[in-house]
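The next block holds one structure in the form of structure tokens; read it before the comments.
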Amino acid sequence: MTFLRAHRTIATVIAFVLVYAIIKALNLAGILNAYYIQLIMLVGINIVMTVSLGMVNGFTGQFSIGHAGFMAVGAYTSAMITTVWLHATTANPWVGYPVFIVAILAGGLMAAGAGYLVGAPSLRLKGDYLTIVTLSANELIRTVIRVTPVLGGPRGLGSIPKLTTLEVVFVFTIVSVVLMRNYLFSSYGRSMKAVRDSEIAAEAMAINTTRQKIFVFVFSAFFAGVSGGVFAHLLQFIHPDNFSFVKSLEYLIYLYVGGSASISGAIVGATVFTLLPELMRSLQSWRLVIYPLILIMVMIFRTEGIMGLKEFSFVLVPQRQRKEVSA
Amino acid sequence: MALLDVQHLTQFFGGLRAVSDFNIQLEHGEIVGLIGPNGAGKTTVFNVITGVYTPTKGTIVFDGQNIVGKKTYQITQTGIARTFQNIRLFSKSSVIDNIKIAYHFHMSYSNTDAFLHTRKYWQGEQLVDDYAIDLLRLFHLEGHAADISGSLPYGAQRRLEIARALATKPKLLILDEPAAGMNPAEADELMEMIHWLRDKFDLTILLIEHQMRVVMGVCERIKVMDFGETICEGVPEYIRNDPRVCEAYLGKGA
């Protein structure tokens, strides 16, 4: 078993390295220009956002609709740290990257803190309270940023050092998704699904459902915060309106169209629907017709999302659980 | 000392008195039935014991601990497990996952082990896998281990619910209408199983049931409730012949 596991890990790592090498080669050969590379990086960030949202909405059965708010907390926290500390030393990667790592982790922790403040009171209750609270929290965070001059207020925060590279996004996406997938295939992950299927029965089976829900919500906010940090250092300019409710809605669309109770679904949803609008640019305003049409088709023909409850089992399901995989 | 000692339990819902001055003592290893017409307050008693409601008045001592005011999950951790009148499985999870979920409280690895899949995680998973398969085998469900639990036939779902309750390693098992929807042959099997459960897992069993044949066949002691009050208590033969019980079920002059 250990032998098999090691093989699988090596095979997976080789697969990731190959994908990276191909993208990099295409870039160097001039086939993928800077615009496409940026698009690929956005796909990575959106994957982490969607998978982390899926932990709460798809697997724990809660309905959070303010995920972009936590992204904003992470983005602004990390951007403040790097813009202040790296004022003159941006050119030196030996200083730049350690500070960047500290900054995005700090962003993640701040977002997790915000997640705790939002989640702890509202997840104690059963029902729709979380939905209302997350919606308000999202708008509250955006408004607070808007009226805080230090954070750039309504003009946004600029001149953030460009520290997010293709390599950074690659490592960040893979590590985040693997961590969340690991958690899901653990006793705690099973408890999350128990809460989703029947909170009453979960409680009767000795699971502290409140603690489990809050923990998931907090680490989901953490990953959203880290994504925000990576996002800020990619665009180099962030504005409160980047993180409005509309942005949260985009993630909800990626998640539910991809398949909410499936990591693979979240990945497919985020990838397809980040790329689609861009690839349809040549169609001009027709894309605003085609995009919603595709959404409607998915809603009619695949109610549970593109992937439903299924996973790409080779990479995403631990060896021993492959045979008995369930949503 | 009694395993479960309920004294003067009273439960109001607003102005409605659902249960009044209810007393019950369960000795280790007993099988006791709680019967009564619909609305007599039986399920309310179960819900109060398992912490779904906090009683208006009264004390509940289980295994030497006062459990009034504790949350449901804490009460299950002290050793009381239950099944539900209307089956409440984790219907989108696999059969084996249902068992593993109930075993969660006995798992020893931390959140960090879960994120990193450490050695401790793999050991824990191996342990729970073996445990769950063994338990499923006892209930003849091992062939369904990988199936989604919501897709099982009704009888198998009932068995799985009992198996799941046992995975919390209880001392007291509370069954809420285990024979509901079963035909006579299935009910016979169930009666056999209840006796077997008690001996095999060293349990004390408290059950609510409407099928008199099952209640009379399996319980050593029966308590009859009507309108929230205990009207009669004793061995099955005594209950069968008590006029108050006939009256509660069939009405006066029957």
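As they're listed, the protein sequences go chains D and G. Under my numbering, read the first sequence as residues 1 to 327, first letter to last. Under my numbering, read the second sequence as residues 1001 to 1254, first letter to last. Idealized CB from N, CA, C, for every residue including glycine.
Residue j beta carbon less than 8 angstroms from that of residue i
i        : j        : result
I1031(G) : V1218(G) : yes
F1105(G) : A206(D)  : yes
F63(D)   : L130(D)  : yes
L295(D)  : V257(D)  : yes
R1088(G) : I238(D)  : no
Y254(D)  : L276(D)  : no
F243(D)  : S176(D)  : no
G1036(G) : V1224(G) : yes
Q187(D)  : G1251(G) : Note that residue 187(D) is Ser in the sequence shown, not Gln. No. Outside cutoff.
L1175(G) : I1133(G) : no
T82(D)   : F100(D)  : yes
P1170(G) : A1081(G) : yes
L1003(G) : L1172(G) : yes
I65(D)   : S248(D)  : yes
I1099(G) : L1127(G) : no
L166(D)  : I37(D)   : yes
A1187(G) : Q1085(G) : no
V150(D)  : A137(D)  : no
V226(D)  : G74(D)   : yes
Residue interval of the beta strand (DSSP E) (run including residue i)
i        : result
D1202(G) : No beta strand (DSSP E) contains D1202(G), which DSSP labels as neither H nor E.
F185(D)  : From DSSP, F185(D) is part of no beta strand (DSSP E); its letter is neither H nor E.
H1008(G) : L1004 to F1013
G1150(G) : Note, G1150(G): premise wrong, no beta strand (DSSP E); not H, not E.
G258(D)  : No beta strand (DSSP E) contains G258(D), which is instead part of the alpha helix (DSSP H) from F245 to G258.
R1017(G) : L1016 to L1026
I1035(G) : I1031 to I1035
L1172(G) : L1172 to D1176
Own chain, CB closer than 7 angstroms to residue i, minus 5 neighbours either side, in chain order
i        : result
F1022(G) : V1006, L1009, V1045 and T1230
V230(D)  : I45, I104, T164, V168, V169 and F172
H1144(G) : V1095, L1152 and A1156
K213(D)  : T60, Q62, L123 and V195
P1055(G) : L1009, T1010, Q1011, V1048 and V1068
F273(D)  : I253, Y254 and V257
R1244(G) : I1231 and C1232
I174(D)  : F16
E304(D)  : G259
K323(D)  : For K323(D), the predicted structure reports a pLDDT of 47, less than 50, and the residue's modelled location is therefore unreliable. The matter cannot be settled from this model.
N- and C-terminal bounds of the alpha helix (DSSP H) containing residue i
i        : result
C1232(G) : Counting along the chain, C1232(G) falls outside any alpha helix (DSSP H), though it belongs to the beta strand (DSSP E) covering E1229 to G1234.
L39(D)   : A34 to G54
T1059(G) : Unbroken run through T1059(G) is the beta strand (DSSP E), K1057 to F1062; no alpha helix (DSSP H).
G1124(G) : R1119 to L1138
I200(D)  : E199 to A204
H1106(G) : Unbroken run through H1106(G): none, as it is neither H nor E.
L234(D)  : T209 to L235
Q1085(G) : From DSSP, Q1085(G) is part of no alpha helix (DSSP H); its letter is neither H nor E.
M1225(G) : Element bounds for M1225(G): not the alpha helix (DSSP H) but the beta strand (DSSP E), R1221 to D1226.
D1097(G) : V1095 to A1102
G1217(G) : M1212 to V1218
L123(D)  : No alpha helix (DSSP H) holds L123(D); DSSP gives it neither H nor E.
I1049(G) : K1042 to I1049
I263(D)  : I263 to L279
I81(D)   : H67 to W85
L293(D)  : R287 to F301
I132(D)  : Y129 to R146
Neighbourhood of residue i by C-beta, 6 angstroms cutoff - its chain only, sequence neighbours within 5 removed
i        : result
A1102(G) : R1164, A1167 and T1168
G58(D)   : S260 and A261
G1150(G) : S1091
A270(D)  : N46, I47, T50 and Y254
P240(D)  : R142, I145 and R146
F1139(G) : R1159 and A1163
A202(D)  : A194, V195 and T209
Contacting residues, own chain, Cβ-Cβ under 8 angstroms from residue i (five flanking each side not counted)
i        : result
A1254(G) : Any answer about A1254(G) is weak, because its pLDDT of 45 lies below 50 and its placement is not dependable; what the coordinates show is given next. Taken in chain order, the residues that qualify are C1246 and E1247.
K379(D)  : Shown here, chain D extends from 1 to 327; a query on residue 379(D) therefore has no answer.
A1114(G) : Y1121
P121(D)  : V133
S1108(G) : K1120 and G1124
T1072(G) : T1050, G1051 and V1052
E1161(G) : T1083, F1084, I1087, R1088 and L1089
Contact with chain A by residue i, beta-carbon distance below 8 angstroms
i        : result
T1072(G) : Of the protein chains in this structure, namely D and G, none is chain A.
Sufficient close CB pairs (3 or more, under 8 angstroms) joining the region 45–54 of chain D to the region 276–285 of chain D:
Contact check between the region 45–54 of chain D and the region 276–285 of chain D: fewer than three CB pairs, one atom from each, fall below 8 angstroms, which does not count as touching.
Kindly confirm or deny that the region 107–124 of chain D and the region 257–272 of chain D touch, where touching means at least three C-beta pairs closer than 8 angstroms.
Taking a cut-off of 8 angstroms on C-beta distances, the region 107–124 of chain D does not touch the region 257–272 of chain D, as fewer than three cross pairs fall below it.
Using a Cβ cut-off of 9 angstroms, which residues of the region 27–61 of chain D contact any Cβ in chain G, in chain order?
The region 27–61 of chain D vs chain G, Cβ under 9 angstroms: nothing.
Evaluate the contact criterion for the region 1052–1068 of chain G versus the region 186–193 of chain D: three or more CB pairs, one atom per stretch, below 8 angstroms.
The region 1052–1068 of chain G vs the region 186–193 of chain D: no contact.
Is there contact between the region 1036–1051 of chain G and the region 1226–1240 of chain G, where contact requires at least three CB pairs shorter than 8 angstroms?
They touch, by the three-pair rule.
Any residues in the region 1096–1109 of chain G with a beta carbon nearer than 9 angstroms to a beta carbon of chain D? Which ones, in chain order?
Here the close residues are I1096, D1097, N1098, K1100, I1101, A1102, Y1103, H1104, F1105, H1106, M1107 and Y1109.
Anything in the region 84–114 of chain D with a Cβ closer than 7 angstroms to a Cβ of chain G? List those residues in chain order, please.
For chain G, none of the residues of the region 84–114 of chain D brings a beta carbon within less than 7 angstroms of one of its beta carbons.
Name the residues in the region 197–224 of chain D whose C-beta lies less than 8 angstroms from a C-beta of chain G; which are they?
Listed by position along the chain: D197, S198, I200, A201, A202, E203, A204, M205, A206, I207, N208, T209 and F215.
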